[in-house]
Structure formats: C-alpha cells, structure tokens
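Below: the structure, in structure tokens.
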Amino acid sequence: MSSVAVLTPESFAEHRSGLKDKEITGCVPEDEAYIPTYLEAFPPLPEKGAPGEKATEGAPAWGSRIRPIKASVITQVFHVPLEERRYKDNSQFGEGEEAKVCLDIMQRTEAHIELSLAKDQGLSIMVTGKLESVMKARKEIVARLQTQASATVIIPKEHHRFVIGKNGEKLQELELKTATKIVIPRPDDPSSNIRISGTKEGIEKARHEILLISAEQDKRAVERLTLEKAFHPFIAGPHNRLVQVLSQETGARISVPPPSLPKDEIVITGEKEAVALALSRIRAIYDDKKRKTTTISVEVKKSQHKYIIGPKGNTLQEILEATGVSVEMPPLDSDSETIILRGEPDKLGPALTQVYSKAKSAMVVDVTAPAWLHRFIIGKKGQNIGRITQQLPRVHIEFTDGEERINLEGPTEEVELAQAQIQEIVKDLLVKMDYTEVIIDQRFHRHLIGKNGTNINRIKEQYKVSVRIPQDSERSSLVRIEGDPKGVQLARRELVEMVQRMENERTKDLVVEHKFHRTIIGQKGEKIKEVRDKFPEVIINFPDPAQKSNLVQLRGPKSEVEKCAKFLQRMIAELIENSFSLSVPIFKQFHKNIIGKGGANIKKIREETNTKIDLPTENSNSEMIVITGKKGNCEAARDRILAIQKELANFIETEVTIPAKLHNSLIGSKGCLVRAIMEECGGVHIHFPSEGSTSDKVTIRGPSSEVEKAKKQLLQLAEEKQVNNFTVELQAKPEYHKYLIGRGGANVRRVRDRTGARIIFPAPDDTEQELITIVGKEDAVRKAQKEIESLIKNLNDVVDDSMDVDVRHHRHFVCRRGQVLRELAEEYGGVAVSFPRTGANSQRVSLKGAKNCVEAAKKRIREIVEDLESRVSVEVTIPQHYHRAVMGPKGSRIQYITREHEVLIKFPERDDGTAGQEGSPLENGDVSPGAEFVHRKCDVVTITGRAEKCEVAKAALLALVPITEDVEVSYNLHRYIIGQKGSGLRKMMEDYEVNIWVPQPEMQQDVIKVTGLVANVQRAKQGLLGRVTELRAEQEDRALRSFKVTISVEPKFHPKLIGRKGAVISQIRKDHDVNIQFPDKGDQQQDLIVVSGYEGNVEEACQAIRQLVADLQEMVSQDVCLDPRTHARIIGARGKAIRKLMEEFKVDIRFPPSGSDEPDKVSVTGLPEMVDNAIEHLLNLEEEYMLSVTETERLAAYMKPPSRYGGGGAGGPDDGSGMPAKGFVVRDAPWNAVGNKAPDMSSAEDFPTFGTGVAPKQTSAWGPKKF
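Residues are numbered in our numbering as their position in the sequence shown, beginning at 1, plus a constant of 118.
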C-alpha cells in the first residue's frame, strides 16, 4: 500500500529541480519510477546521549566508600662520629665505599637511605621504610660503616635460653633493637661468656638488656618432689580443689601429674619463698596421710569397674570428697579385678559401701537376635529403638555388625524392661519377615540399581521389600532381599530375570578423543539424541567431563551395538578430518583487505574452500589467521589468503639453513629472542620447523629489505649460540632429582658457581623424566658432568638399613595414606621406609636407598619420634556456648594459638540436648574453687603437645573466654541503636568485635548486654554510651523542631504559594528551615496548611506565607482572545518567550489546553495595572504574528503539489482533471498504521513553516507533558 506525503515548499522545490529536464505528460505507470521508503526519504536523527554515558551505568548508587590504606613507613636518623667512621676518605663524598655499601643495603632491605656530611666530618644517616626494613638496614649500616667494638657479659648458663627466646626470636629482636651482634655459646660448650660486638652505645644497651633478663630469672625457683603415686589424690584433693587452694595461698604453681600418667614427680615453680612454702605444705600433707591411712583390698568384676570410675573419674572424686578415701583402680588393660581403698580406718567402711553401691548400680545383658533383623528392630530413622530409649533414657543399647546379639547396659530395673520389649519385637519380626540371598555377578550390580537408583527403587516400592546390593569395594556377589515373605520371592524372581536378560547383552568400548565428546553430544544433547533415537536398544554412556577419559561405552543387543559403533566411528572420522588447523601470519594492515567490503572476500574463500577462518580482533596484537577444516581445503584457503597479501605488498620469502639443535635457543624463552628480531625488522615473519622435525630450514617472509636484515641478524645470533652451546645429557632416576637440586637449590647452585655451566632438570610435564641437560662452554660442561655423575654414583649405591621405632608411634607415620612417609621419600632422594604390618608387634623399621639419604632419613625419623614421646594431653573446661567465640572467625584465634605454641587443640562434638543444663558462665576463664559446676563432655577442650607448651596454650585459651557486662540504656532509645534492619547494631558489633544483645520490645527493659573479650567489651561499652549521648541530644533537638502552627489559606491560592515545580514553597522552606505541609486531595479541610520547625522559624515562615496571600488577594484575572495560530509564536521555544513576558509584567498567563471549547481564550492574572499592560502587549504581538501567518498560508496555496495527471505545476485535486493528485509517494510511512491518516500539507498546523512557530494540534501549547 502506498501513502501520500506532501513536503515543505523548500524540500518539494528541491525534488522538482531534479525532474525539470523530464517532461511530465499524461499518465505515468507506477513501476517506471522507484518509490523510496519513509526511512530512506526521511532518515532519523541520531540517538541523543554522549558516547561515554554507558560507561557510568554500572557505577554503584552509593559511590565508593573504600577507605585509603595508609602506608606504615617510619624514618630514623642517627649519627656516626668521625673517629668511628670506617671509611674516612672525604675527597669524593657520595661516590666512595660508603655510597656503594648504602646502595647494597638498600637493595637487600628495601629501605631508603640518605647520607649527609656534618661540619665535624661526622656522618648523618636517614633511613626510611617499613619498621622491619629500617631495623635491618640500621643493623647492617652500623656493622659496615661504623668501627666495631666488642665486650663480654657473664651470666649463669641456665639463663642463656631466656636470652635466646623461642626459636631465637628474643635474640633476633635484641640484635635489631641494639644494632649489635650477640654470640651465645652452644649448650655443649661449658663457657658462660656471651660476646657482644657493635658500636659502644649498642654494646651498652645490649649488655643492660641481657643483665635484666638474668636478674629476672634469678628470682625464680623450680622444685621437683617425688612422692608415692598413691598419695597424690590426697594432695590434689577432690576435683583438684586442694592443690588450687595451695596455689592461691602460696602463690606458687603446683603441677600434680594426672592419674593416667605413671609419674611420681610433683613440680612446683614460682618465687623462691612461695616454692619453699608450698613444698613444706605438701610434705606435711604427705607425712600426715602416710601416718594415718591404711588400705583394704576388694575383688569386683572387671566389667563393673567403669561404674566405679564414672565419667572422667568423677565417681572416684565423689567418693574421695564424701569419705576422704582414695580408691585405686587397676589399669584398664590389666586382667586384675582387685581394687585398693586407702584412707583412715574409720572411713574405709562407708567408702567400701559406696564402691559396692556404684558397682551394682548397673548391669549388662545380651539379647539374641539375627543380625539381618537389627535394622528392622531399630526401625526407620531409629523410630522403634527411639521409643524404648525415650521411656528408659538411662539404658544404653548397642548393636554390633555381623553379631547375632544386642548389648543392653544401664540400671538393673530399666535394663530388664528394655530386654523384655526388644525380645517381644524380635519375636514379632521373626513371624512377619523373611529373607533370601541371590548370587549375582558384580558386573551387573550397577545395572540392577539403574540410573540414580531407578530400577532398585521401583522393585523396593512395588514389592515392599529391602534389597541390599554390596558396594564395589566389598567385591561380593551376594544380593540380600528382606521383607514380606511373598514380596521377597517376587522380587527375587524379577532380579533373576533382569540378570538373564543382561547376560545376553554385549558391552563395547569405543576410544574417542575427549575433545570430540561435546561435539558428538551436541548443544543440549541434540545430536546424541538423534543417535539414540536411531538405535533405541543401545545405551550410550559418556565418561564424566572431569575424568577426561577417552572411553565411550555402548551396551545392548550384539547386532545393534555393532551398528551403533560403526555409525559413531564414521561420525568421529568426519570430525577428525574436519579438525585440521593451520595458522597463517598476515600483516595486520592487510586484514581488512582479506575480509573485503562487507566481508565479501573472506565469505567467498570460506564458501569455496569449505573451511572455517578466524581472524584476530582489531584491538589484538596478533597477526595470525587460523584456518580449520580438511587438510587440503585448509591449504587451498591459505594459498588464496597469501596470494591477496602478495598482491598488496612487495612481499618475498626466503629460507635460511640453521642446525635444528639451535632452534630452541634462537627462539628463546616463550619466543622472546625471535620476537625481538621480528619487531626490529619491520614485523617480518620468521617460521621455524615444527617440534620433532629434523629440518634445518627456517623461513623468513616479509618486505624484501627487511627480510635481508632479519636473515643477517638470525645467522649472527646462530653463530654466537653455536660457540657457547655445548650440551651433554645425563640419565638419573626422577626420585634423585630433588636430592641433586638440594634444599632451596643449594646443591645445583654450588655446581653452577664452580663450573659456570647451566644444569636443566625436566619439568613435571616432560616425557623424558630421567633426562638432565648440561649447557654451556665445553670445558665448563665437562666439569659439571663429572660432579653430577659423582653425585649420581653415590646415590646409586643402595644400602639396606633398619632402626627401632616404638609400635605406638607407627600409626603417625602410616596414617593419612602414608603422608609422612611420602614426605620423607621426596626430601631424601626416594628412600623407601617400610613399617611392619599392623598387629605384628615389631619395632623394626626398614630403610632402603642411597647411603647419605638413608642416614638423613633415620635422623629425621628420630626427631619425629622424640617429639611424639614428649607429647601430653591437657583438658580445659570451657562452657560449650563460648566455643564459637573462643574459636574466632573461621577458627583464626585457635589457629594462632596452635601455630604459636606448637600444640593441637580439639573441641568436642556439639551436644544440643544438654543446652539447658549449663552451669554459671565462667568470666574470662576464671575458675572458682567453690563453684558447683558439672563437667560435661561437650565442655572439655583437649590440648595436645609438650607439657610446658600445653600449659601456656591453656592459659591463652582461657583468656579468650568472653565476659558479659550490662549497660544501662533507656528502653525508648533501643530502636535507634539497632538502626534500620539492624544496621547500627551490626556496625557496632563489627567495629568492637563483640556480641550485643538488645531485649525484645515487649520486655521493655533498660539494659543492653555486651559479650566479648574484656578489652573489646570496655571499648564497646564506651561506644554505646557515646551513642546514647548523641541520641539524647537528637531527641532534644527533635522536640524543639516539633513546634507546629496551622494557618488557613483559601485553596485557590495554594498553586501560587507552591509555585512552578515547587519553587516558591521550596524557597520559603530553605530560608526559614521549616517543613510546610499542604492538605491532600481527600482531606476535608482543604484550606489548612501546617508549618513545623523551631518556634521562631515557624513564626517567620507563617508571616511570609500571609504576606504572599495578601499580595495574591489584590490580583485580578482577565481573559483575552488571541488567534490560536499565534499561540506557539507567543509562547516561544520551550516557553522561553512567555516566561520572559510574565517576568517583565509580573503576571501569570495561562493558555487553553488542547481540545478546549474556547481555543482562543487566554487568561492573564496579576495586579490590575500590570494585567492591562500585559494584555495590550499580547494583542500587539498577535497583530504582528498574524501578518506572518496569513502570508505563509497564501504562499502555501501556490505551493500545493502538481497533479500527476495534469500537465502543469499549478493543478490540484480540484483542477477538473478527474483524477486525484498523487504527490510525492513514499512506502512504509507511519500513517499506514491502522487508525492513522496521511498529513495534510495545506494545514499549517501539520506542516508549520520554519520560524512561524504554529502550535501542533495534538499537543499542549507548553509542549509535551513531563511526568
């Protein structure tokens, strides 16, 4: 369908000028002229917006709040007097030895050093950098630029270890702090002299610090008291309370070995006086108990001993506390049933009564039940057994796999009840249940289960049975079916039938390269679905992508499997044939010519050669074009692309003969050398033969002048490499490589330094793992070869050796899949360490390998054993609800303690069932001797390591137990402290690293609880009180700002008070800092305006509003009739002209809206005099603009489009020709849409003349509405 569009006079005149040479006569058929589309005739303007606008779309709305990181840089200045300067040659200051030394120190420590020379010829040195770097640099400067003195300090030998500190940290800190070198004699050296060297000032500081450390140690004492183990409980007291009281009263630290440790020695440490007092008190207790106590022995069944001991020995402690009698139990691994009671004669009777009472408080019974019934007795998710344990919670029921008995343990009466209930369940199940066993080959098990268990789940649900198929690791063929007798037989029959069907099937493995799997499967499995539809009886299994396996499994009837395999092989052959790839280097400037206009050239090459051609992106530096497809097609495409390049440039190709063994060295690391030549020679392309080729030909391609230059450089470089490129290859077992390299590369570096040759070991992904290459000058290579061969010879001298390691330590070496043994083998040249089998009860460990490696491995094993033997376990009780706080975020605090003190810390499993039975919380780890705290298993944290380190770690652990403090905060402030969605509370908890608990609103409490470490709680408390002060100040200010006044203003004045876009009312709000609220549309009292804020500001704002209303009441409104065709000109572009007029006359002018019944009625409002002046001005403008409008319309009448069917240009639709004028025709115009009509050129509103400003018909005089 075609539509008529009449252009403006100028556009139409231009159109006609192109047709003036053609004679328009008679009827012209439509198909003789091309009819343009609307978009071709009237192309749209470009989209508004700067090109860079999109770049900011993703910017976050809140902006960046990242705080800048401050550099921790310090500066130190010190002075070296002239007499202490090591280099005193002042002739060339800044260029002598001092400058060289400072430069070397700066490179080694990364600190910045500035030297200056004072008037007295002394040296001023300023060092800047991080604290650690500055301290290291200062130490080196003093040692190398200042003359050194030395002194000797004598302190007792036993105090030396305190000067050294843990891992030598104290000594290092002292050396850095004083800028001296401190030499302490070795432990086996009898000398007590400590030698200090450095500056005089530094020596004095170091000497003073060392004497302080020694003086502090002089005040301490250690006593070791050996007493019979049997009397330790009387010294420790019930629950260790007596020893704790002794420690508090004397101030000494008393360590009594736990009952599990067979040691008689009690260690007392502390101040000398405190140790002496504690020693005398302990001896007095021992002497008293030894004199007064006697013993009796009783026989109790071994199985009842655990009830006398109780959990963690609590029952023994309770007997000791109640009767004062110690109960000595035989070791658990002993067969003895004799129990010894030790105490005063009159208390032995009550103690014996308690022992018998505890022994008889529980019993153990076995209930006979077939092993296969156990899980039915337990029930689904433990329902059956759960009912019994709920009724009888003190009975422990234990099922043992493979045994036809159930063990019951607990109080006698409850055990008997549980026994009766379980026997009843067993009897009932034996009547209702049956089982059968079927032998099915293990290779069919996974097919019986089906994908995601579909087959086996269907059988279970259909026959209401349980089917147990053994795991692959069990290597068993026995399948067990249990359940209803009838269902068991039906399920057995179906399983047997399934197996028979599978025995007639065939499985075939196809080797398909992993890279083709995704292509064969296709997008969303479309291609493999087609194959499966073609062969529905064949199951095709691809390996997991993570396995990167090349095996694809086919399973089904023999004939179908064969057909499917052939089909897939053809598909794979096509894929392989089409996957050949070539890379063609083409100069970047010619890529656009290869592509061609609109991609014509590259498209043609792709279609004609049936290849895939990939070009690098425009912003890429790569010049390689990659061609993929069949080999012949790829080569044809390459030739065509090279031909295009050859046509465009003076392009030649030449070959250079260079020995193949030099190719890698010429290419350089990651191609750096050859790339440098190509860049220097104008981007020529140098192509080396592929790896593995024996060809010596190197191809150079590019502009003729640059090719010659590159050829010359390449030959020169090859000549240099040939002189210095003598190579020797050696063979050594891969496990020897690490030993040959040495720790940190020490061994191989030593050989390199002595010979100057380069030794290259194979990378992990190299195929030749035994090959060691030596490169360099011939004499250097020969020397290095001899040294390496000597080392390999020593390693090849394999020896067998053995050593004894206690059986209890064997597990440490072989656990975690032998990780410790693997580390030994890697570190010591592949030495093989063999431990005896578990249960062999042998201590003999065999080592096999090179002699040096075996000796080093033995030494390391002894070190590990020594460390294991010195380990102890210490228990510390911390309430379970504090465990998470003690651990810290992601366990960081515990990790720090374990790393710092070299211990292992194990937290117990969480016990949710006893959450309500916790004792009073321990504040900051303090233990009250009189507290009635019940020790629970879930509260006990175990620390394992050396005894002294365990104690230090225990103290550090207890220091992490949080405390809780109450902060008085008024209830009505809680919601402000919490903040929006809890943001304020979260921020405080993050800033202070505490937990803050705010009571629920319905509780209306004035207390907020803060929990955390002591220091953090104090900081949080101060922060919380500071926030309360701020909130109270805000409340007071809010009260002052809440003053309100309501004033009545007629609704007709409201728009004037608001102003255009709220300008007037916003200015009043800003000037007086108040809030002004106008009534909503639905309010009953439309005249009330509410003003709120500070009282004085509100009064001033009300006065300003009243003044505005008074001014508005004096205004009048008059209507004036203005021709609608002049409205647009009066308003001006975007209302600029009318706004200027309103400002000039201080009036408001309103034009009628579109579609108004009175389109010429304009309203003018303002003071009477101003309104008259404005109306007069508007009428003058109308008169002026009407002249222009009438002139435009008169010209438009003559400019109507000529008739297509008439001969002249003045004809129109009513010229009597009998045919309508077609005008200028366009296709796909907007008015073709349903409901639209073509615009009329005769209308000045549809087609206004440029500059006339006629208002359009469908829009407001003020322009389009903005929402």
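Glycine included, each C-beta is placed from N, C-alpha and C at the ideal position.
(request) Whole angstroms is fine: what's the gap from R868's alpha carbon to R226's? (result) 21 Å
(request) Quickly, what does DSSP pair A950 with across the bridge? List them, please. (result) Looking at the DSSP output, A950 shares a beta bridge with K966.
(request) Identify, in the order they occur along the chain, each residue of the same chain with its Cβ nearer than 7 Å to the Cβ of L693, setting aside the five sequence neighbours on each side. (result) Same-chain partners within the cutoff: F634, T637.
(message) Please give me, in chain order, every unbroken run of the alpha helix (DSSP H) with length at least 4 that falls completely inside the region 1186-1234.
(response) 1213-1231
(message) Would the region 323-339 count as touching the region 385-399 if we require 3 or more Cβ pairs under 8 Å?
(response) yes
(message) Taking 8 Å as the limit between beta carbons, can you name the residues of its chain near L397, skipping five residues before and five after?
(response) E341, L343, I386
(message) Going by beta-carbon coordinates alone, are V597 and L613 separated by less than 9 Å?
(response) yes
(request) Just the C-alpha distance for H197 and L241, rounded to the nearest angstrom, thanks. (result) 6 Å
(request) For R962, I'd like the list of residues in its chain whose CB is within less than 7 Å of its CB, leaving aside the five on either flank, ordered along the chain. (result) S920, D922, P954
(message) So for T387, helix, strand or coil by DSSP?
(response) strand
(request) Kindly list the residues whose CB is nearer than 6 Å to the CB of S964, restricted to its own chain and excluding five residues on each side of it in sequence; keep chain order. (result) The residues are S920, S952.
(message) To the nearest angstrom, how far is the alpha carbon of E276 from that of G948?
(response) Near 41 Å, if we compare the C-alpha coordinates of G948 and E276.
(message) Between S1274, E1276, L1296, I1114, which has its C-alpha nearest I1267's C-alpha?
(response) L1296
(request) Determine the contact status of A104 and I878, defining contact as a CB-CB distance below 9 Å. (result) In this structure the chain extends from 119 to 1385, so residue 104 is not present and cannot be described.
(request) Since I believe I1126 is in contact with L1142 (beta carbons under 8 Å), could you give me their beta-carbon distance rounded to a whole number of angstroms? (result) 7 Å
(request) Select from I1081, V1058, D1084 the residue whose C-alpha is nearest the C-alpha of K1072. (result) V1058
(message) Going by C-alpha to C-alpha distance, which of R359, P852, K901, E824 sits closest to T885?
(response) P852
(request) Under the assumption that V774 contacts L832 (Cβ atoms under 8 Å), give the Cβ distance between them as a whole number of angstroms. (result) 6 Å
(request) Please report the Cβ distance between Y1094 and Q1123, rounded to the nearest whole angstrom; I am assuming they are in contact, meaning their Cβ atoms lie under 8 Å. (result) The pair is not a contact, with the Cβ atoms about 16 Å apart (cut-off 8 Å).
(request) With a 10 Å radius around its C-beta and 16 neighbouring C-beta atoms as the bar for buried, classify V301 as buried or exposed. (result) exposed
(request) Classify Q1035 as helix, strand or coil using the three-state DSSP reduction. (result) Any reading at Q1035 must be qualified, since the residue scores a pLDDT of 43, below 50, and its modelled position is unreliable; no value is offered.
(message) Could you tell me the alpha carbon to alpha carbon distance between Q1204 and I1176, rounded to whole angstroms?
(response) 15 Å
(message) Once the 5 residues before and after I770 are set aside, which same chain residues still bring their CB inside 7 Å of it?
(response) S822, V825
(message) Suppose you measure from the CA of G568 to the CA of Q508; what does that come to, to the nearest Å?
(response) G568 and Q508: Cα-Cα distance of roughly 39 Å.
(request) Using three-state DSSP, classify R598 as helix, strand or coil. (result) strand
(request) Apply the 10 Å Cβ neighbour rule to M1121 and answer buried if 16 or more other Cβ atoms are within range, or exposed otherwise. (result) Exposed, by the Cβ-count rule.
(message) Give me the DSSP bridge partner(s) of I878.
(response) The partner list for I878 (beta bridge, DSSP) reads T891.
(request) State the DSSP-derived secondary structure class of P1374, mapped to helix, strand or coil. (result) Interpretation of P1374 is limited by its pLDDT of 45, a score under 50 that renders its predicted location unreliable; the figure taken from the coordinates is listed afterwards. P1374: coil per DSSP, three-state reduction.
(request) Closer than 6 Å by C-beta to G605: which residues in its own chain qualify, once you throw out the five before and the five after it? Chain order, please. (result) Excluding residues within five positions, the ones whose Cβ falls inside 6 Å are Y581, K582, V583.
(message) Classify S378: buried if its beta carbon has 16 or more other beta carbons within 10 angstroms, exposed otherwise.
(response) exposed
(message) Could you compute how far the alpha carbon of E1218 sits from the alpha carbon of H1190?
(response) 7 Å
(request) Put E108 into one of helix, strand or coil per three-state DSSP. (result) This structure leaves residue 108 out entirely; the chain is present only between 119 and 1385.
(request) Return the first residue and the last residue of the beta strand (DSSP E) that Q527 is part of. (result) The question names Gln, yet the displayed sequence has Glu at residue 527. It spans 523-528 - the beta strand (DSSP E) in which E527 sits, taken as one unbroken run.
(message) At 4 residues or longer, what runs of the alpha helix (DSSP H) sit wholly inside the region 276-330?
(response) 278-282, 287-296
(message) Going by the DSSP bridge assignment, what does T413 pair with across the sheet?
(response) R460
(message) Taking the alpha carbon of L913 as the reference point, which residue from K966, I587, K465 has its own alpha carbon closest?
(response) With distances taken between Cα atoms, L913 lies closest to K966.
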